[in-house]
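Structure first, then comments.
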Amino acid sequence: MCIALDNQWSSEWTVIYLSLQITGPFLQVGAVTILTALTWLISGQWFKIAKIAVRWGSLLFYIAVMIGLYISPLYIKSPCVIEFNQLPLKPKIIAHRGDSGRAPENTMISFQKAHEHGAYGFESDVVISKDGVPYLMHDSTLRRTTNVKEIFPELADQHVSWFNFSDVEKLNAGQWFLDTDPMWNVGDLTEADKEIYSKQKIPTLTEMVRLANKTGKIVMFDLRLPPKGHPYYNTSVQRTIEAVEAGGLDLERLWWLEETKLDEPRGVFMTAEWAQPVDELKKNNITNLNVRYTEITADQIRSYKKVNISTNVWIVNTKWFFSFYWCIGTDSITSNHCEMFQNMETPVWHLSPQNYLILWVTVDVLSVVIITVMFIVQRVRLYGTSFSPETISLNAAKHKNGYKSRNMKEQLLRTEGGLEHFDDLDRTNMGVLNQPVAYSMASIPGDSSYMPYREPEATRPDAKYEVE
1 MCIALDNQWS
11 SEWTVIYLSL
21 QITGPFLQVG
31 AVTILTALTW
41 LISGQWFKIA
51 KIAVRWGSLL
61 FYIAVMIGLY
71 ISPLYIKSPC
81 VIEFNQLPLK
91 PKIIAHRGDS
101 GRAPENTMIS
111 FQKAHEHGAY
121 GFESDVVISK
131 DGVPYLMHDS
141 TLRRTTNVKE
151 IFPELADQHV
161 SWFNFSDVEK
171 LNAGQWFLDT
181 DPMWNVGDLT
191 EADKEIYSKQ
201 KIPTLTEMVR
211 LANKTGKIVM
221 FDLRLPPKGH
231 PYYNTSVQRT
241 IEAVEAGGLD
251 LERLWWLEET
261 KLDEPRGVFM
271 TAEWAQPVDE
281 LKKNNITNLN
291 VRYTEITADQ
301 IRSYKKVNIS
311 TNVWIVNTKW
321 FFSFYWCIGT
331 DSITSNHCEM
341 FQNMETPVWH
351 LSPQNYLILW
361 VTVDVLSVVI
371 ITVMFIVQRV
381 RLYGTSFSPE
391 TISLNAAKHK
401 NGYKSRNMKE
411 QLLRTEGGLE
421 HFDDLDRTNM
431 GVLNQPVAYS
441 MASIPGDSSY
451 MPYREPEATR
461 PDAKYEVE
């Protein structure tokens, strides 16, 4: 289970890495735009920070983040930043089990749909029946894509190579697609298509090859060898080649996967299944690779192309993914969705280096100007038009001291003495004296000859009170 999870996460990280390469320029523009917009809030809060160290530390951090975003295009290597006249040819499309995104996989209608949607070739999976007939089937059992549970319930889990093809012919290979809707598109099908799909049978390799030959396609398939002890185990490759020749296909248009080690037929187009050093490929006379997208890099594809070694990448099912491999010069891709790429004239996006430079510099300069204006406006809004660092510091300190003063009052209110004091104040009209009070001059400390200055009675608001 751990190995399976590692493989799954490896694939996911590869997808993330590739998506960042294709979308990196737009992510940079988006990040700069978002942080520039947030600067209004950031600057408003920054002016209210009381501690000088925190204030300047946060400002330096903000500046560092923005500078990092501004210069990040220096490290973004998107293959779609390319001169238009240097854009490679559009990759050819190889139909994975036919047009399996729109029709039941490994059926004749699926391959017919692939031809209609401009496929360059057909990809499939081949097994050998008990009576020696090569036919098309991906799984090791017939359970998922046929009605074997209804026709041969006791054989539902039997290996596909132990069926006679006369029994395989009795199974329906299309109704499952309508019932399960694996691609979520059955609702878009016409009634005529549904009728055709519901009657599909499992085809032989010869039937598929005959269609490929008629429509000018190349053919590639995984030959799934039968278990040891099978009557045709040792002659599986021979039976397969005979079936291809019976379909009329020139063997040079058959991409024979190198992984089939039981035998190596002559005349076929040998195809490697993993990235290898160029010298090793040339030594084995291999000029074609069929590689999963997680197992080859853009640099490897480019290096192979320079020495006339073509590369097919599987499986590519989205336009942005297809655009990535288009921009780096991949010769062909394998896909479930031929129709998705049929009418694409250019990648999803591509820019010349000059235009990308203009976009990059323009966005960065506008961001700097807008950020500067926001800080100035926030400063004027909060502290007026005259700039005085001392005033800002005093206001910040006043705000801080006011906060401390409120805290002291709250603490006083919580003490018993404080509560009694305020009770007394309440009983005496909150401490406001509205009765004359007599003071003794003897109670005043200091020199008795001291005579304080006395204003004329007319100018003293409380002259009506006598001080004895």
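Be aware that the sequence shown starts at 1, since it is given in full-length UniProt numbering, and climbs by one per residue.
C-beta atoms are modelled at their ideal positions from N, C-alpha and C, and glycine is treated no differently.
As the structure is a prediction and not an experimental result, all values here were calculated from the model.
Within a Cβ cutoff of 7 Å, which residues of the same chain sit near P265, ignoring the five residues on either side of it in sequence? V237, I241, W256
Can you look up A243 in the DSSP assignment and give me helix, strand or coil? helix
Quick one: give me the first and last residue of the alpha helix (DSSP H) that Y62 is part of. 52-71
When the Cα atoms are used, what is the spatial distance from V361 to F26? 13 Å
From the DSSP output, in three-state form, read off G431 for me. Caution applies to G431, whose pLDDT of 46 falls short of 50 and renders its modelled position unreliable; the model cannot decide the point.
Secondary structure of W274, DSSP reduced to three states: coil
Grab the span of the alpha helix (DSSP H) containing E191 for me, first residue to last. 191-197
Beta-ladder partner(s) of R379, from DSSP: R379 pairs with nothing; no bridge assigned.
Three-state secondary structure (DSSP) of F422: Here the model assigns F422 a pLDDT of 45, short of 50, so the residue's position is not dependable, and the following value carries that caveat. F422 falls in the helix class under three-state DSSP.
Can you tell which of D125, A298, V54 has the C-alpha that lies nearest to the C-alpha of T226? Residue identity differs from the one stated: residue 226 is Pro in this sequence, not Thr. That would be D125, whose Cα lies nearest to the Cα of P226.
Using DSSP with H/G/I as helix, E/B as strand and the rest coil, what is residue 474? Residue 474 lies beyond the stretch modelled for the chain, which goes from 1 to 468, so this question has no answer here.
Range covered by the beta strand (DSSP E) that runs through A212: Run containing A212: none in the beta strand (DSSP E); it sits in the alpha helix (DSSP H), 205-215.
One question on the structure: do E339 and R97 come within less than 9 Å of each other, judged by their Cβ atoms? no
With contact counted as at least three CB pairs below 8 Å, one residue from each stretch, are the region 76-84 and the region 339-353 in contact? yes
Determine the direct distance from the alpha carbon of Q354 to that of S100, and round the result to whole angstroms. 41 Å
For W314, the first and last residue of its enclosing beta strand (DSSP E): 310-314
So for Y135, helix, strand or coil by DSSP? strand
Roughly how many angstroms separate the alpha carbons of K305 and N147, rounded to a whole number? 45 Å
Measure the Cβ-Cβ separation of A212 and G247 and say whether it is below 9 Å. yes
What first and last residue would you give for the beta strand (DSSP E) that runs through E123? 121-128
When the Cα atoms are used, what is the spatial distance from F269 to R253? 7 Å
Out of curiosity, what's the CA-to-CA distance linking T36 and Y17? 26 Å
Among D167, P203, N285, W320, whose alpha-carbon lies nearest the alpha-carbon of Q112? P203
Out of N172, D139, E123, which has the shortest C-alpha to C-alpha gap to Q200? N172
According to DSSP, is W13 part of a helix, a strand, or is it coil? helix
Check whether the region 292-304 and the region 322-338 touch, using three or more Cβ-Cβ pairs below 8 Å as the test. yes
What do you reckon, are the CB atoms on W314 and T23 nearer than 9 Å? no
For I94 and S335, I'd like the C-alpha separation in whole angstroms. 6 Å
May I ask you to report which of helix, strand or coil DSSP gives R253? helix
What are the residues that DSSP puts in a beta bridge with L87? Partner(s): none; L87 has no beta bridge.
Run the CB neighbour count on E123, radius 10 Å, all protein chains shown included, and call it buried at 16 or more, exposed below. buried
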